[in-house]
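Structure record follows, encoded as structure tokens.
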Amino acid sequence: MMVSLENIHKSFGSLKALNGVDFDVPKGEFHALLGPSSAGKTTTLRVICGLEKPDAGSVSLFGRRANDVPIQGRGLAMIFQSFALYPHLNVRENLAYPLRRGGVPSDEIKKKIDQIAEILGIQHRLENLTTQLSGGEQQRVAIGRALISEPRVLLLDEPLTNLDAKLRDAMRVEFKRLHRELGITMLYATPDQLEATTMGDRISVIDDGKIIASGTPAELYGAPPNARVAQLVGSPPVNLVPFERQGTNASSIGFATLGETGPDGSVCAIRPHDLVLSPEDPDFTGKVVLAEALGDVNVVTVEAANRQVRAVLSGVNALRTKVGDTIPLKITKALFLPVGEGVAPLTKQKPT
């Protein structure tokens with residue numbers, strides 16, 4: 001394994017940031033670390049790269065224990081949310097900085113800068129100050145400075161947070177291209193499930209300082225181990241509703257028979273994409289209180305049985321649906337899941 005964490009604990013005074021973190025990142029993988037704000041993502045990356053020392057547990061890099069290995073000897077590079085560029089230096093000097101610190105000869109530095117600038121498409125910006133660049137160009141410089149020392153693992157701490165939506169889309173594609181072309185192992189921390197599921201080969205879900213699930217995007221979306229994971233993976237967020245289980249099929253679930261919980265303490269998880277218009281055979285009807293037309297689909301919030309659920313509807317009739325309409329919906333798939341820690345209250349649940 002390129003990175004392996006075993007039972008990592010880290011506290012800052014009375015605040016317990018990490019509470020037994022375990023996961024592995026094999027060679028060449030794009031691994032996403034997904035979790036909400038303050039879940040422990042940044043602390044995990046800082047422990048891996050050596051900026052923080054764990055209170056307990058083992059950090060292994062490339063098959064060897066690395067708890068006491070200095071930062072410079074770990075073979076890692078990290079890209080921060082803030083880019084952390086030197087504003088008084090031009091792009092060339094920002095890229096050269098880690099090489100000069102490492103004593104690399106000047107002719108080799110020039111060669112490496114030209115190579116990485118061409119890969120990232122910033123060769124025409126080498127003489128510009130970083131303050132003269134767009135957000136996307138600054139991000140490319142930050143990537144270049146991290147990659148130029150040829151690290152074995154690249155750590156990325158919410159690198160797209162400060163970019164606008166269009167640039168985030170473009171940079172997701174850019175990161176996957178770089179991963180594919182360079183074959184470098186990447187560990188990417190993000191609170192954005194879309195980034196995690198579209199970019200990650202595998203995802204580790206972190207919440208409250210613990211890894212609560214690991215798997216491929218398809219596994220975590222289609223078969224989450226509990227309701228908390230279902231909440232964190234998927235967009236729009238999953239609908240969680242209490243129920244009285246009358247059977248194991250989706251057809252046995254109706255809003256008219258909802259109770260507080262299932263007999264085994266489970267909840268019913270219904271993805272918004274698994275609710276469809278069904279005038280002939282509905283499971284329930286509800287009043288539309290919000291409609292968000294997104295081109296080929298209509299994301300509607302429906303009030304039924306004193307609670308709200310969201311549905312992603314497609315087709316001509318769906319696009320005509322508007323606020324105030326009463327619509328019939330059928331559940332095509334439902335998951336019965338244990339609640340898990342950190343699940344929002346289910347009583348009169350509102351969409352997040």
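Under UniProt numbering, think of the first position of the sequence shown as 1, with each following residue one higher.
Glycine included, each C-beta is placed from N, C-alpha and C at the ideal position.
Integer Cβ distance of residue i from residue j, believed to fall under 8 Å
i	j	result
Val238	Arg271	6 Å
Pro217	Gly200	6 Å
Ala146	Ala77	4 Å
Leu61	Gly75	7 Å
residue 354	Leu220	One cannot answer for residue 354 here, as it falls past the ends of the chain, which runs 1 to 352.
Pro36	Met1	No, Pro36 and Met1 are not in contact; Cβ-Cβ is about 26 Å, not under 8 Å.
Val300	Leu290	7 Å
Range of the contiguous beta strand (DSSP E) that encloses residue i
i	result
Leu15	Leu15 to Val25
Phe336	Leu335 to Pro338
Val241	Asn239 to Val241
Asn298	Val297 to Ala304
Leu126	No beta strand (DSSP E) contains Leu126, which DSSP labels as neither H nor E.
Pro328	Thr326 to Ile331
Ile8	Val3 to Phe12
Ala32	Phe30 to Leu34
Val153	Val153 to Asp157
Candidates the options: closest to residue i by CA position
i	options	result
Leu194	Asp207, Lys210 and Arg168	Arg168
Gly57	Met78, Thr44, His9 and Leu33	His9
Leu240	Arg180, Ala291, Asp281 and Ala311	Ala311
Ser38	Leu18, Thr197 and Lys27	Leu18
His31	Thr332, Ile206, Pro282 and Val267	Ile206
Val288	Val267, Arg320, Ile48 and Arg177	Arg320
Ala334	Ala223, Ser235 and Asn306	Ala223
Ala84	Thr197, Leu337, Gln138 and Pro191	Gln138
His88	Arg64, Ile113, Thr131 and Ser106	Thr131
Gln81	Gly136, Gln72, Val91 and Val104	Gly136
Lys210	Glu93, Gly20 and Ser314	Gly20
Glu303	Gly324, Leu337 and Arg152	Gly324
Thr332	Ser4, Cys49, Asn317 and His273	His273
Glu29	Arg152, Leu313 and Ser266	Arg152
Terminal residues of the alpha helix (DSSP H) in which residue i lies
i	result
Ala223	Where Ala223 is concerned, there is no enclosing alpha helix (DSSP H), given that its DSSP letter is neither H nor E.
Ile143	Gly135 to Leu147
Leu163	Careful: Leu163 lies outside any alpha helix (DSSP H) and carries neither H nor E.
Val316	Val316 to Arg320
Self-check item: Three or more C-beta pairs below 8 Å linking the stretch 38-57 and the stretch 66-81
Solution: yes
Exercise. Note down, one range per segment and in chain order, each beta strand (DSSP E) of at least 3 residues found wholly within the stretch 265-292.
Key: 266-270 and 275-277
Quiz item: Are there three or more Cβ pairs, one per stretch, closer than 8 Å when the stretch 32-47 is compared with the stretch 117-126?
Solution: no
Quiz item: What are the uninterrupted segments assigned as alpha helix (DSSP H) that are 4 or more residues long and contained completely in the stretch 47-114, given in chain order?
Solution: 91-101
Quiz item: Which runs of the beta strand (DSSP E) spanning at least 3 residues fall entirely within the stretch 179-234, listed in chain order?
Solution: 185-190, 202-207 and 210-215
Practice problem: Check whether the stretch 159-174 touches the stretch 87-106, counting contact only when three or more Cβ pairs, one atom from each stretch, lie closer than 8 Å. | Solution: no
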